[in-house]
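> If you scroll down you'll find the structure; I have some questions about it.
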Ligand SMILES: [Zn+2]
Ligand SMILES: [Zn+2]
């Protein structure tokens, strides 16, 4: 066991402060990774504040856009060597024997007999083995992960800018790939709705696939950034612009994670066009009427990250096309400010990435430090909190 520093939320206020956690020693198939950088995903914010209808384990160490270097390997590890640059994304285990896992779509794991739990999240989750190890994410100095759930980071990708590819990148790559953009790029009209961390990655990937890309946003201020990445811009609050884009798109991917009415957007799809959700608004969405879909054989679908094989393919695609995320690198001590920005949707077309290796140190505020501003973050009324006693076996130490 190794005791290492992390940034943990102690309760549903979501306030993060320094906290010691244990990392398991390498089992035979594990790699032990020194974390260099970790991206901040909107789902980190949702989970530290217990906004989803899933169990929440506290203290919670978020982070599933992890890049680091292998420091140790278990005796049977064959895929990675000490010193290699690696990444860990949204999940660290799955049942490995259901039809989804066999197809390499561990992200859609169905569970199997004796292992009913499905894809095992990198954090806010419990490893389904004899130890019931509570899992902590990448806002920490190190992480131990089974080699089958670790990705290789190609040499030409800058490590800080590669971190967001592990969630934001694959979240956008997978539906683009599934709906034919990689294969038929030049023939596809693609809309990317919302232009934050996910949206800007979607634009970069779809442009590299050769698609004609349009950003749909209510903020006119984002037009310049969208155009700089090679996309057109559609101001979705402008009725004239919306009318001009009727019957225009083969695929619209919505990255919006707040509440909004999606009905207005179906008229923008061509016949047999697809409207794909990748954001997870906590309060759901307002569904279209049957007419919106039936007339024109249109589809409303969702997509959730990607499997390990597809995630590696995405990283290799990014390497071939020199694509990485646009980021703002922050110190561990500034993580709460970044979360407040994210909650207020003030973040622009970039991802916050925490410089873990250089800045998670003695300067990082601990719980109760008066440098952390108290904030009144509302707790989701349906929050499911796992009582602290249930975490006792995790041998947590303050
Ligand atoms: Zn994420
Ligand atoms: Zn499975």
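In this note's numbering, the protein residues as written are 5 to 402. We put the CB at the ideal spot given by N, CA and C, even for glycine. Keep in mind the model is a prediction, meaning the values are calculated, not measured.
Helix, strand or coil for residue 306 per DSSP?
By one-based count along the chain shown, residue 306 stands at place 302. Correct three-state label for residue 306: strand.
> Hey, residue 37 and residue 81: beta-carbon distance below 8 angstroms or not?
By one-based count along the chain shown, residue 37 stands at place 33. By one-based count along the chain shown, residue 81 stands at place 77. For residue 37 and residue 81, no; Cβs fall outside 8 angstroms.
> Tell me the start and end of each unbroken beta strand (DSSP E) in the region 262-343 that is at least 3 residues and wholly inside, in chain order.
Here the runs fully enclosed are 273-281, 303-306 and 331-334.
> Helix, strand or coil for residue 13? Go by DSSP, reduced to three states.
For the purposes of this step, residue 13 is identified with residue 9 of the chain shown, where counting begins at 1. Here residue 13 sits in strand by DSSP.
> Which residue's Cα is closest to the Cα of residue 34: 62, 20, 61 and 97?
Counting from one through the chain shown, the residue named residue 34 turns up at place 30. It is 97.
> Which residue marks the beginning of the alpha helix (DSSP H) containing residue 79, and which one marks its end?
Translated into the one-based positions of the chain shown, residue 79 becomes position 75. Counting along the chain, residue 79 falls outside any alpha helix (DSSP H), and DSSP gives it neither H nor E.
> Examine ligand 2 and report whether any of its heavy atoms sits within less than 7 angstroms of the Cβ of residue 107.
Numbered from its first residue, the chain shown carries residue 107 at position 103. Flag unset: Cβ of residue 107 not near ligand 2.
> Who does residue 156 pair with in a DSSP beta bridge?
As a first step, residue 156 is located in the chain shown; it is residue number 152 there, counting from the start. DSSP lists 90 as partners of residue 156.
> For the alpha helix (DSSP H) holding residue 204, just list the boundary residues, first then last.
Position 200 of the chain shown, counted from the first residue, corresponds to residue 204. First-last of the alpha helix (DSSP H) with residue 204: 201-212.
> Given a cut-off of 8 angstroms on the beta-carbon distance, is the pair residue 92 and residue 170 in contact?
Sequence index remark: in the chain shown, residue 92 carries index 88 (1-based). Sequence index remark: in the chain shown, residue 170 carries index 166 (1-based). Against a cut-off of 8 angstroms, the Cβ pair of residue 170 and residue 92 comes out as a contact.
> Comparing C-alpha positions only, which one of 189, 213, 234 and 67 sits nearest to residue 40?
Along the chain shown, one-based indexing puts residue 40 at 36. With distances taken between Cα atoms, residue 40 lies closest to 67.
> Determine the closest residue to residue 26 out of 19, 64, 52 and 371, with distance taken between C-alpha atoms.
In the chain shown, counting from the first residue as 1, residue 26 sits at position 22. Of the listed residues, the one whose Cα sits closest to residue 26 is 64.
> Hey, quick one: how far does the alpha helix (DSSP H) through residue 181 stretch, first residue to last?
If you number the chain shown from 1, residue 181 lands on position 177. Note, residue 181: alpha helix (DSSP H), 172-182.
> Pull every residue with its beta-carbon under 5 angstroms away from any heavy atom of ligand 4, and keep them in chain order.
No copy of ligand 4 appears in this structure; the ligands present are ligand 1 and ligand 2.
> Measuring from each Cβ to the nearest heavy atom of ligand 2, keep the ones under 7 angstroms and list them in chain order.
Going by the Cβ distance cut-off, the answer is 98, 99, 100, 101, 102, 104, 105, 110, 113, 114, 115, 116 and 122.
> Between which two residues does the beta strand (DSSP E) containing residue 147 stretch?
As a first step, residue 147 must be located in the chain shown, where it is residue number 143. Segment 146-150, the beta strand (DSSP E) holding residue 147.
> Cutting at 7 angstroms between CB atoms, please list the residues of its own chain near residue 383, excluding the five before and the five after it.
Counting from 1 along the chain shown, the entry for residue 383 is found at position 379. Bear in mind that a pLDDT of 44 at residue 383, under 50, signals an unreliable position, so the model cannot answer this.
> Can you tell me whether residue 54 is helix, strand or coil according to DSSP?
By 1-based counting over the chain shown, the position of residue 54 is 50. Three-state result, residue 54: coil.
> Which two residues bound the contiguous beta strand (DSSP E) that contains residue 363?
Counting from one through the chain shown, the residue named residue 363 turns up at place 359. Here residue 363 belongs to no beta strand (DSSP E); instead the alpha helix (DSSP H) covers 360-363.
> Please state whether DSSP places residue 24 in a helix, a strand or coil.
Position 20 of the chain shown holds residue 24. Correct three-state label for residue 24: strand.
> Is the beta carbon of residue 336 sitting closer than 8 angstroms to the one on residue 368?
Residue mapping note: residue 336 aligns to position 332 of the chain shown, counting from 1. Residue mapping note: residue 368 aligns to position 364 of the chain shown, counting from 1. Yes.
> Quick one: what's got a C-beta closer than 8 angstroms to residue 125's C-beta in the same chain, skipping five residues either side?
Counting from one through the chain shown, the residue named residue 125 turns up at place 121. Same-chain partners within the cutoff: 68, 94, 95, 96 and 139.
> Secondary structure at residue 38, three-state DSSP: helix, strand or coil?
Here residue 38 is taken as the residue at index 34 of the chain shown, counted from 1. Strand.
> Confirm, please, whether the CB-CB distance from residue 8 to residue 144 is below 8 angstroms.
Counting from one through the chain shown, the residue named residue 144 turns up at place 140. Counting from one through the chain shown, the residue named residue 8 turns up at place 4. Going by C-beta atoms, residue 144 is nearer than 8 angstroms to residue 8.
> Kindly give me the distance between the Cβ atoms of residue 128 and residue 60, rounded to whole angstroms, as I take these residues to be in contact under 8 angstroms.
Walking along the chain shown from the start, residue 128 turns up at place 124. Walking along the chain shown from the start, residue 60 turns up at place 56. About 6 angstroms; that satisfies the 8 angstroms criterion.
> Could you tell me whether the region 300-308 touches the region 264-280, where touching means 3 or more Cβ pairs closer than 8 angstroms?
Contact holds: three or more Cβ-Cβ distances are below 8 angstroms.
> Which of helix, strand or coil does DSSP assign to residue 246?
Position 242 of the chain shown holds residue 246. Residue 246: helix per DSSP, three-state reduction.
> Using the rule of at least 16 other Cβ atoms within 10 Å of the residue's Cβ for burial, across every protein chain shown, is residue 262 buried or exposed?
Along the chain shown, one-based indexing puts residue 262 at 258. Looking at its Cβ environment, which holds fewer than 16 other Cβ atoms inside 10 Å, residue 262 is exposed.
> On the criterion of 16 or more Cβ atoms from any shown chain inside 10 Å, does residue 179 qualify as buried, or is it exposed?
As a first step, residue 179 must be located in the chain shown, where it is residue number 175. Label assigned to residue 179: buried.
> For residue 216, does the three-state DSSP call read helix, strand or coil?
In the chain shown, residue 216 corresponds to position 212, counting from 1. If DSSP states are grouped into helix, strand and coil, residue 216 belongs with the strands.
> Whose C-beta lies closer than 7 angstroms to the C-beta of residue 51 among residues of the same chain, with five residues either side of it excluded?
For this step, residue 51 is matched to residue 47 along the chain shown. Only 60, 64, 66 and 128 meet the Cβ criterion.
> Mark residue 230 as exposed unless 16 or more other C-beta atoms lie within 10 angstroms of its C-beta, in which case mark it buried.
Here residue 230 refers to the residue found at position 226 when the chain shown is read from its first residue. So residue 230 ends up on the buried side.
> Look at the Cβ atom of residue 114, then the Cβ atom of residue 130, and state whether they are nearer than 8 angstroms.
Stepping through the chain shown from its first residue, residue 114 is reached at position 110. Stepping through the chain shown from its first residue, residue 130 is reached at position 126. No, the pair does not count as a contact, with Cβ atoms beyond the cut-off.
> Give me, in chain order, the residues of the same chain whose beta-carbon lies closer than 7 angstroms to that of residue 275; leave out the 5 immediate sequence neighbours on both sides.
For the purposes of this step, residue 275 is identified with residue 271 of the chain shown, where counting begins at 1. Within the same chain, residue 275 has close Cβ partners 300 and 301.
> According to DSSP, which residues form a beta bridge with residue 238?
Along the chain shown, read from residue 1 onward, the residue named residue 238 stands at position 234. Paired residues: 220.
> Assuming residue 168 contacts residue 18 (C-beta within less than 8 angstroms), just tell me the rounded distance between them.
As a working mapping, residue 168 is identified with position 164 in the chain shown. As a working mapping, residue 18 is identified with position 14 in the chain shown. About 20 angstroms separates the two Cβ atoms, so there is no contact after all.
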